[in-house]
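First residue of the sequence shown: 1, per the numbering used here; consecutive thereafter.
Glycine is no exception: its CB is placed at the ideal position from the N, C-alpha and C atoms.
Take a look at the structure below.
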Amino acid sequence: MLPLPLVPLRRQSVFHPARLRVLILPFVTILATFTFAQSPTQPVLITADLTDVPRKLLHAEIEIPVSPGPVTLTTVKWVPGNHRPSGPIDNFTGLVVRANGNEIPWRRDDVDLHAFHIDVPQGVSKLDIHADFLAVPGNTVSSADGSTSGVQTTMEWEELLLYPAGIPVRQIPVIPSVKLPDGWKLGTALTPTSTDGDTTHFAQTTIEMLEDSPVIAGKYFREIPLAPDVTPKHYLDVAADAPEDLDLKPAMLESLSKLVNEAGAMYASRHYNTYHFLLGLSDVEEGNGLEHHQSSDNRTPEHAFSDESLAPLVGDLLPHEYTHSWNGKYRRPIGLATPDYSTPMKGNLLWVYEGMTQYLGEVLAVRSGFVTPEQFREALAYSAATLDIKPGRTWRDLEDTAVSSSILRGSSREWSNWRRGQDYYQEGALIWLDVDTTIRKLTGGKKSLNDFCALFLGKGGNTPPEVVPYDFDELVATLNQVVPNDWAAFLRERLTSTAPHAPLEGIAQAGYELTYTDKPTAFERAILGRSHAVDATFSVGLSARPDGTIADVLFNSPAFKAGLGPGEKIIAVDNRAFSGPVLALALKAAKGTTQTIDLIVENTGYFRTVRIDYHDGEKYPVLKRVDNTPDVMADILKPMTR
Ligand SMILES: [Zn+2]
Numbered sequence: 001m002l003p004l005p006l007v008p009l010r011r012q013s014v015f016h017p018a019r020l021r022v023l024i025l026p027f028v029t030i031l032a033t034f035t036f037a038q039s040p041t042q043p044v045l046i047t048a049d050l051t052d053v054p055r056k057l058l059h060a061e062i063e064i065p066v067s068p069g070p071v072t073l074t075t076v077k078w079v080p081g082n083h084r085p086s087g088p089i090d091n092f093t094g095l096v097v098r099a100n101g102n103e104i105p106w107r108r109d110d111v112d113l114h115a116f117h118i119d120v121p122q123g124v125s126k127l128d129i130h131a132d133f134l135a136v137p138g139n140t141v142s143s144a145d146g147s148t149s150g151v152q153t154t155m156e157w158e159e160l161l162l163y164p165a166g167i168p169v170r171q172i173p174v175i176p177s178v179k180l181p182d183g184w185k186l187g188t189a190l191t192p193t194s195t196d197g198d199t200t201h202f203a204q205t206t207i208e209m210l211e212d213s214p215v216i217a218g219k220y221f222r223e224i225p226l227a228p229d230v231t232p233k234h235y236l237d238v239a240a241d242a243p244e245d246l247d248l249k250p251a252m253l254e255s256l257s258k259l260v261n262e263a264g265a266m267y268a269s270r271h272y273n274t275y276h277f278l279l280g281l282s283d284v285e286e287g288n289g290l291e292h293h294q295s296s297d298n299r300t301p302e303h304a305f306s307d308e309s310l311a312p313l314v315g316d317l318l319p320h321e322y323t324h325s326w327n328g329k330y331r332r333p334i335g336l337a338t339p340d341y342s343t344p345m346k347g348n349l350l351w352v353y354e355g356m357t358q359y360l361g362e363v364l365a366v367r368s369g370f371v372t373p374e375q376f377r378e379a380l381a382y383s384a385a386t387l388d389i390k391p392g393r394t395w396r397d398l399e400d401t402a403v404s405s406s407i408l409r410g411s412s413r414e415w416s417n418w419r420r421g422q423d424y425y426q427e428g429a430l431i432w433l434d435v436d437t438t439i440r441k442l443t444g445g446k447k448s449l450n451d452f453c454a455l456f457l458g459k460g461g462n463t464p465p466e467v468v469p470y471d472f473d474e475l476v477a478t479l480n481q482v483v484p485n486d487w488a489a490f491l492r493e494r495l496t497s498t499a500p501h502a503p504l505e506g507i508a509q510a511g512y513e514l515t516y517t518d519k520p521t522a523f524e525r526a527i528l529g530r531s532h533a534v535d536a537t538f539s540v541g542l543s544a545r546p547d548g549t550i551a552d553v554l555f556n557s558p559a560f561k562a563g564l565g566p567g568e569k570i571i572a573v574d575n576r577a578f579s580g581p582v583l584a585l586a587l588k589a590a591k592g593t594t595q596t597i598d599l600i601v602e603n604t605g606y607f608r609t610v611r612i613d614y615h616d617g618e619k620y621p622v623l624k625r626v627d628n629t630p631d632v633m634a635d636i637l638k639p640m641t642r
């Protein structure tokens, strides 16, 4: 298909109120007149009022040009990057519509609950609309959830946007403004044009680009230019819950600049006019990572980049979301390249959109220094083992996890090993490791996935933000351009397999083998350190919360065969009160013997004794180097730039 160009944005930078007030104000009228003449309709005007963020309340004033007669307005339903109808409509409240100063009625569509019908009276050319957004937990599992603390927010525009329905969103012009609490600053990929007190006005754009350009704002805020030698310009916009958090380590900033260079080398192109890494450091906000064309919304624990133990858990977040600017935003599966946010998205190629991004993000995290090769291998061992023992793979193939992506996000942990989750991320990554190592094998190390990325993600060279859709056939044709192979069969086999084990060929071709030891890796200790969970998944086949409540039981494992299920509570292990260390001692004691591990379990107020027949001790996954094979993984993880 032909590329679908977005309205190109001018070069943008983070807003510096004093400087821009001087530089830009004289040109505002000229710019507005120019863009207005080019636009098919009058622009929507929207002001996001963030002054009540500390009490989890956002407001919008929206002016929408209309003609008399029936009109339908809509909020965002299918959120790009969420791949789901997660527009947080449940918390979109306080809707009041006025025409010429008089309140007029609205009626919600009784099928599409994100849409509102209004009969516009004669003599009315615009609607003045007020809406509030409640930034509290919602039932849509949305990026809006936990998006505020008392001193910062990252606002995704689906929280407040309302616009005419039935028109491709790239054709609807909009002029946005943002009002901040006293003394706060903001960062965004939008182009600021002027300020008016605490309100920042931005250049006219489209609903598509606005929805693609979140705003981070905070009391403690800092904007840091990155990779000074690279054009276009890159920035880190960081908001934090405490002022000292803004003192980021020089090594972290060096890694981020290196990431900009490494991604440019690997993807052989850039498809943005500027790029802003928005980073919210908070233990109050919920973690998040959402990709955009010219920015990314990254929310991590407050000390994610100062506490060394968190590095393996957050190290690939920024590389992952940044990679999406190429893989997901610029190159987009045809089923996800919809004309508006009311049209349902089809997720069947998410093993490319997310799976390849997962792999590339993890590789780039090492190449740019966020994580070490050892941390990469430990994380890979953990995800490969989790997939390898997951029994749900025998009834549901990987492609089905992508097709049903929108019903798998936010599912309960209980029986998740039988349901499967969004495995197209991690198993997709295993498949792309397989592709990478297969290309290297077939070409004697002369070519790799780097060459595929240059062709596929760098198609068309440097461009402004555009969407270039692809399908399975183009993917296969591009792989064949790198090295001829029956790539269609290669991929189909892995996507439709219901074999009991995960595709681990990539790990073998990289010179490693998945195996188990009796001690958790630093990576797994970091996970358990955050969750405080007890993980005996790879041994007896159960995981539990610290109080003994079973989170999940692996189908067909020793714990499953003993009759255990999630939600039951382990009271005692071998007659001692339950704790993680007590369970570990019992696993050790039963190793190599014939004695069972005896649990006292409570379910719905009833107690019983359960005997687990298991004698292999504690088990935790690791990757072991295979002797006398080339260390292809070391080659994969080598930086492309100096
Ligand atoms: Zn992603």
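Using only CA atoms, which one of the options lies nearest to residue i?
i	options	result
R377	V482, G506 and L457	G506
V230	T206, K258 and G218	K258
L554	G548, F538, S67 and Y275	F538
A499	T199, P80 and I389	I389
G355	E308, Y424 and T41	Y424
R331	D52, G458 and R108	G458
W395	R409, Y382 and N417	N417
P232	W487, G264, P214 and T596	G264
G218	D486, N82 and G280	G280
L504	P464, D196 and A429	A429
G150	L564, S282 and L226	S282
A454	D627, L442, M209 and L475	L475
G197	M209, A203 and L180	L180
F116	Q375, T205 and I104	I104
P630	E568, V534 and G445	G445
I224	I216, V215, P214 and L236	L236
E254	S269, A227, Q294 and L246	A227
Give the DSSP-derived three-state secondary structure of residue i in the structure shown.
i	result
D91	Note on residue identity: the sequence assigns Asn, not Asp, to residue 91. Helix, per DSSP.
P621	strand
N288	strand
Y272	coil
L585	helix
P181	coil
T200	strand
D388	helix
T33	The predicted model places T33 with a pLDDT of 31, which falls under 50 and marks its position as unreliable, so this point remains unresolved.
S194	strand
N556	coil
F277	strand
S39	For S39, the predicted model reports a pLDDT of 38, less than 50, meaning its position is unreliable and no value from the coordinates is stated.
D436	helix
T51	coil
G355	helix
D473	helix
E414	coil
E362	helix
R299	strand
G187	strand
I431	helix
R545	coil
A634	helix
H130	strand
F305	coil
F538	coil
Would you decide whether residue i is buried or exposed? Buried here means 16 or more other CB atoms lie within 10 Å of its CB.
i	result
R21	Since pLDDT at R21 reaches only 27, below the 50 mark, its modelled position is unreliable, and no value is offered.
M633	buried
Y606	exposed
K588	exposed
V28	With a pLDDT of only 30 at V28, under 50, the local geometry of the prediction cannot be trusted, and the value read off the model is given with reservation. V28 is exposed by the Cβ-count criterion.
Residue i and residue j look like a contact to me (Cβ under 8 Å); what is the Cβ gap, rounded to whole Å?
i	j	result
A239	F221	5 Å
V169	A48	V169 to A48, Cβ: 17 Å. No contact.
Taking 7 Å as the line, does the beta carbon of residue i fall inside it for any heavy atom of ligand 2?
i	result
H292	Of the ligands this structure carries, namely ligand 1, none is ligand 2.
Taking 8 Å as the threshold, find out whether the region 264-281 comes into contact with the region 178-192 through three or more Cβ pairs.
yes
Please determine if the region 128-147 and the region 82-100 are in contact, where contact requires at least 3 C-beta pairs separated by less than 8 Å.
yes
Below 8 Å, how does it come out for the region 533-548 and the region 572-587: are there three or more Cβ pairs, yes or no?
Yes, they touch.
Contact between the region 283-302 and the region 136-156 (3+ Cβ pairs under 8 Å)
yes
When the Cβ atoms of the region 74-81 are set against those of the region 157-173, are three or more pairs found closer than 8 Å?
Judged by Cβ distances under 8 Å, the region 74-81 makes contact with the region 157-173, as three or more pairs qualify.
Taking contact to mean at least 3 C-beta pairs separated by less than 8 Å, is the region 463-478 in contact with the region 320-331?
yes
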